[in-house]
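Here the structure is laid out as structure tokens; the discussion comes afterwards.
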Amino acid sequence: MLLNGRRVQFQLDSGATVSVLPQKFLSEEDVVRNECIHLRMWNHSPLLRAVGKCKVVTRNPATGKKYRIDYVIVKEDLTPLLSKTASEKMQLITVHYESMEIVHNIFPENVCNLAPENLHKEYPVVFSSSVTGTLPGNDVHLTVMDDATPSVRPARVIPESLRSIVKDELDALQTRDLIEEVSSPTDWVSQMAVVQKKSGKVRVCLDPRPLNLVLKREHYPLPVLDDILPQLSNATVFSICDLKDGYLHCVLDDDSSLLTTFATPWGRYKWKRLPFGLKVSSEIFQKRLHLALDGLQGVRCVADDIIIWGNSDAEHDTRLQSLLQRCQTVGIVLNKEKCQFRLKEISFLGHIVSNSGLKADPSKIDAILNMSSPTCKDDIHRLRGMVNYLARYLPKLSDVMKPLNDLTHNNSAWTWDSNHDKAFRLLKEMLIQAPVLAFYNQSKPLQIQTDASATGLGAVMLQDGQPIAYASRMLSDPETRYSVIEKEMLAIVFALEKWNQFTFGRKTTVYSDHKPLECIVKKALDKAPKRLQGMLLRAMAYDVEVKYLKGKDNILADALSRASLPYESGQHDLEVVNAVKLLSLPDDKIAEIKRQTTQDPTLSQLKDTILDGWPDNKTKLPLSLTPYFSFRDELSVTDDLIFKGERLVIPKQMRRQIKEELHIGHNGVEGTLRRAREYVYWPGMNKEIKEWIQTCETCQENSVSQPAQPLMSHPISDRPWSRIGIDLFHHDNENYLIMVCYYSNFFEIEKLQRTTAPAVIKRLKRHIGRYGVPEIIVSDNGPPFSSRDFAEFAKEMGIKHNTISPHNSKANGKAESAVKTAKRLLTKCKDTGDNVDLALLNVRNTPTQGTQTSPAQRFMGRRTRTLLPTTTQLLMPDRDSGPDVEKLNSNQRRQEKYFNRNTRKLKDLPLGATVRVKPFNHRKKWKKAVILKKIDDRSYEVRCDGQTLRRNREHLRATSSTSDTLDPIPNMFNWECQDNNQPKVRTTEQRQSTTTSPVKFRGDGTSETLDENNTSSLRRSNRQRREPHKMKDFVTF
1 MLLNGRRVQF QLDSGATVSV LPQKFLSEED VVRNECIHLR MWNHSPLLRA VGKCKVVTRN
61 PATGKKYRID YVIVKEDLTP LLSKTASEKM QLITVHYESM EIVHNIFPEN VCNLAPENLH
121 KEYPVVFSSS VTGTLPGNDV HLTVMDDATP SVRPARVIPE SLRSIVKDEL DALQTRDLIE
181 EVSSPTDWVS QMAVVQKKSG KVRVCLDPRP LNLVLKREHY PLPVLDDILP QLSNATVFSI
241 CDLKDGYLHC VLDDDSSLLT TFATPWGRYK WKRLPFGLKV SSEIFQKRLH LALDGLQGVR
301 CVADDIIIWG NSDAEHDTRL QSLLQRCQTV GIVLNKEKCQ FRLKEISFLG HIVSNSGLKA
361 DPSKIDAILN MSSPTCKDDI HRLRGMVNYL ARYLPKLSDV MKPLNDLTHN NSAWTWDSNH
421 DKAFRLLKEM LIQAPVLAFY NQSKPLQIQT DASATGLGAV MLQDGQPIAY ASRMLSDPET
481 RYSVIEKEML AIVFALEKWN QFTFGRKTTV YSDHKPLECI VKKALDKAPK RLQGMLLRAM
541 AYDVEVKYLK GKDNILADAL SRASLPYESG QHDLEVVNAV KLLSLPDDKI AEIKRQTTQD
601 PTLSQLKDTI LDGWPDNKTK LPLSLTPYFS FRDELSVTDD LIFKGERLVI PKQMRRQIKE
661 ELHIGHNGVE GTLRRAREYV YWPGMNKEIK EWIQTCETCQ ENSVSQPAQP LMSHPISDRP
721 WSRIGIDLFH HDNENYLIMV CYYSNFFEIE KLQRTTAPAV IKRLKRHIGR YGVPEIIVSD
781 NGPPFSSRDF AEFAKEMGIK HNTISPHNSK ANGKAESAVK TAKRLLTKCK DTGDNVDLAL
841 LNVRNTPTQG TQTSPAQRFM GRRTRTLLPT TTQLLMPDRD SGPDVEKLNS NQRRQEKYFN
901 RNTRKLKDLP LGATVRVKPF NHRKKWKKAV ILKKIDDRSY EVRCDGQTLR RNREHLRATS
961 STSDTLDPIP NMFNWECQDN NQPKVRTTEQ RQSTTTSPVK FRGDGTSETL DENNTSSLRR
1021 SNRQRREPHK MKDFVTF
């Protein structure tokens, strides 16, 4: 034969079921599908593991015809084989079936090859405990709705006692190639659910609640009951097989695998196989399993089981062998512990199929047949409610119920005799006969009603309101101590698993009269108590919707739960549930919390309410329990401790100690709250922890800076030079004074020999004489600007001098921006040797972005002539300044918009309030201070450590501390000058009419309160001033 243009010698094997091709004959374009296949040789040599399957075009050189053959690919250098089927299709051989009798298998006499131990040896891979099976077909693709919003959920906290066990399980799953680490960004991240088994091992599950809401179902049509029952009517021998890790037989494609990404404390992982928990898993699994077993006679998939039947032992054995061979060929692995062979009868969708024929399954009516007789009038009332619900299907009901109804009369004594017993037996017979009990109809919706009493569980399966099956059982001794919500959820799990053949793979609506269940099944799994988590995980194997049904309407299940059948082992918890063991606390600490919980009156009431059941309305609760009502579905009691989900509820006497332990290390408010929300709970916990941290002296003294406040711009002036900003800056060993117009951005630079107030005033006067007297000067609190000389100069000129808060240079942002521009200009001019004045001329004539006018135009009303060729028209003055003002306002609003995105407005501080002052030295301690007065919108005068300081609101942190440790606030005096220029103290009446600050300002922004008794005149220093030695060669003026 020709393969990829190459001649290959094949052997025709009419006994081979598959065609085999060594891997060396494949080309680079041939894609091998990874499938779990083991080949058994005719001589019973050890099984041969295949690489996979590949469809290769094979050409017969004799006829020239091409065939696409699906080969099993092996690594070994074996002789290529063409199977009987391939040889026939290629017309290489002809089999005359009409001339022979077909025999599928020959068994030696008196040897039972179907004994489990023989099957396990004959098919070791099919019954392997270490191999993960694979169902044939393309990789599974999960489809989400078009308008789905991705969800990313954080990793859950793993108890310290389980961390190493969970990590080992994750490593084992990764070794088995079931999960894989994820390093790239993913849109969907679910949480991981960990369940501890009774053996001590853990089971890692997916909690995909948000993903389940948007997954599209495949709606694969399952075989109809009426199609299968006729084939089972003559069957005499049966077997049941169960797949090992059924869902994990389905391989996910890359996109679907990313959808199953889940977060762990060790990073993110994704499932490479179909995980447990997806609402579509059961449908996808059943579809793949049906397709894998398609064509096998006497083999059907029922829910997650495979049933095999035959009309005789030989036929059954042949069909079972065919199934096992198919499993071995396609890669299905069975669970040998759950497989049952050569049974005489099986339960199938409400029927018992046996060698005696077809009959109704007695298990669906046992709950009625074995119902105990009523023992009181309340039992009769419940029984009457049950039969009244089914009254339309019960003829002559009133006649049958009369002896029982007579027992409920007020004047009747309770006496149970043979007449009552006969009526009760007749009533039970009526309840299990048609038309009361209907047969299951696969085309109708399926509903289940469940209920739990103090001693038992009850459930009834219905379609169109008519019962199909009844079930009940008593609670085991540990189960009687479950909380009400746990008992009610146990009833749901009991019903779903008992009727697994009906509920697996199809939408089921469960009705319960416990309203909190309707909420908890929709919440994240970690919100539920630990025991409830195990039950919810078991319910996730089914496509189930839980709805609330009023107790008065839940009549059937209620009656069954109070007259339940005896408990039989088999209904076990999936996990070992002891939340106390998961607390990483010493035994004495746990014992103390238990003792305080018992002594706490509120928690004692809460514990009783959890165990006895919550009322439907919180108005029926004591006032102390109303804070717990909204999350009552998350509360549980374990070993005298109360848990909210996985968080321990702390009694009142222990809360101070817990807050101290939470705040060890002095984390911030949000960090401490995040830690608390993972481990503990009590009502008002968030508020208490915030107040605790706000009163922590260490935290207040070592606080970080507060967030910037929203931008508060200076008002745009309506003309040039009316508001100017001034500042001093040092550059290249020289001191400079800069003056900038707030309206036009036009600035002037002056070099200073000294930075004293007279030198600054002298330079400033030159520009005032040139441009006019400004109305407002904005500056910082540097020595020249806070001096008496500058104050007198401003007063003399009629200028309002606005100083900014110390350490808040952005309040004079116009000047600060001009300083940066000037420094860059001076540096570049020095490097290039350009003229500084010409550089300033160019800067002043450059149009400002967004306004299309230059600072010179806005300042002088015209362009100034530069070295660039300019027409006379461009140099003409422009009188209309309205558009410029509007554009400047627009720029300012845009600045405010972008600046305010990461700001927060701080509340005003009242006079006398205790605050913390931000440090501006190496000590980094926020010191305590008291508000003396408010200077302007965001500037305050405060008293701190005996000093009077001025600080911006951003540098003052509100605190809950008191001011009893501060110095008393001194009396404040205002000063005014007399005719001889000496200050005098004003009278009380005079002080009430002025707001001038009674302080003397220092150069660093601090101030000093003047002594009330010091009435001596102020004087200048008498020390002799000399020029520094380095200035001896300079002429100063």
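Here the sequence shown stands for residues 1 to 1037, numbered as in the UniProt record's numbering.
Glycine included, every Cβ here is placed at the ideal spot set by N, Cα and C.
Hey, is the stretch 748-758 in contact with the stretch 918-937, meaning 3+ C-beta pairs nearer than 8 Å? no
Using the three-state DSSP reduction, which class does valine 885 fall into: helix, strand or coil? helix
With distances taken from CA atoms, which of His767, Asp608, Ser183 and Arg481 is nearest tryptophan 266? Ser183
So who's on the other strand from tyrosine 67, going by DSSP bridges? Thr58
Grab me the residues of cysteine 829's own chain with a C-beta within less than 6 Å of its C-beta, minus the 5 sequence neighbours each way, in chain order. Val836 and Ala839
Where the alpha helix (DSSP H) containing phenylalanine 729 begins and where it ends: Premise fails: phenylalanine 729 lies in the beta strand (DSSP E), 723-731, not in any alpha helix (DSSP H).
Going by DSSP, what residues sit across from proline 467 in a beta bridge? Leu462
In the stretch 838-869, which residue ranges form an unbroken alpha helix (DSSP H) of at least 4 residues, counting only runs that do not cross its ends? 855-860
CB-CB length for glutamate 634 against lysine 644, believed under 8 Å: 5 Å
Tell me whether valine 166 sits in a helix, a strand or coil according to DSSP, three-state version. helix
Anticipated Cβ contact below 8 Å, aspartate 361 with serine 347, distance rounded: 5 Å
Close beta carbons around histidine 316, own chain, < 6 Å, minus the five adjacent residues each side: Val237 and Gly310
Can you tell me whether DSSP reads lysine 201 as helix, strand or coil? coil
Same chain, Cβ closer than 6 Å to tyrosine 247, neighbours up to 5 away in sequence not counted: Leu274, Phe276, Ser281 and Phe285
Taking only three categories from DSSP, how would you classify isoleucine 555? helix
From the DSSP output, which residues share a beta bridge with glutamine 447? Leu462 and Thr509
Since serine 239 sits in a beta bridge, which residues does DSSP pair it with? Ile308
Which residues in the same chain as glycine 137 place their Cβ atom closer than 8 Å to its Cβ, once the five residues preceding and following it in sequence are excluded? Arg288, Leu291 and Ala292
Drop a sphere of 10 angstroms on the beta-carbon of glycine 570, count the other beta-carbons inside from all chains shown, and report buried for 16 or more, exposed for fewer. Unreliable positioning characterises glycine 570 in this predicted model, as indicated by a pLDDT of 48, which lies under 50. The coordinate reading is nonetheless provided below. With fewer than 16 Cβ atoms within 10 Å of its Cβ, glycine 570 is classed as exposed.
Would you call valine 8 buried or exposed, if buried means 16 or more other Cβ atoms sit within 10 Å of its Cβ? exposed
Taking C-alpha atoms, which residue in Asp187, Arg176 and Ser161 lies nearest to lysine 201? Ser161
Close beta carbons around proline 22, own chain, < 7 Å, minus the five adjacent residues each side: Val74, Glu76, Asp77, Leu78 and Pro80
Short CB-CB distance (under 7 Å) between lysine 84 and chain B: As a matter of chain content, chain B is missing from the structure shown, which is built from one protein chain.
Beta-carbon separation of leucine 82 and serine 19 under 7 Å? yes
Any chance the stretch 730-750 sits against the stretch 814-827, with 3 or more Cβ pairs inside 8 Å? yes
CB lysine 270 to CB threonine 261, shorter than 7 Å? yes
Can you name the residues that DSSP bridges to proline 22? Val74
Comparing alpha-carbon positions, which option in Leu343, Ser412 and Gly295 lies nearest aspartate 313? Leu343
Three or more C-beta pairs closer than 8 Å, one from the stretch 861-881 and one from the stretch 729-736: is that the case here? no
Collapsed DSSP secondary structure at lysine 270 in the structure displayed: strand
Within the stretch 469-500, note down every full beta strand (DSSP E) run reaching 3 residues or more, in order along the chain. none
Which residue wins for smallest C-alpha separation from proline 529, given the options Lys810, Thr638 and Lys84? Thr638
Can you tell which of Pro615, Glu660, Arg675 and Leu603 has its C-alpha closest to the C-alpha of isoleucine 642? Leu603
What first and last residue would you give for the beta strand (DSSP E) that runs through glutamine 340? 340-343
Beta carbon of glycine 725 nearer than 7 Å to that of lysine 795: no
Keeping to the same chain, check which residues put their C-beta closer than 6 Å to that of serine 960; ignore five residues upstream and five downstream. Gln694 and Thr695
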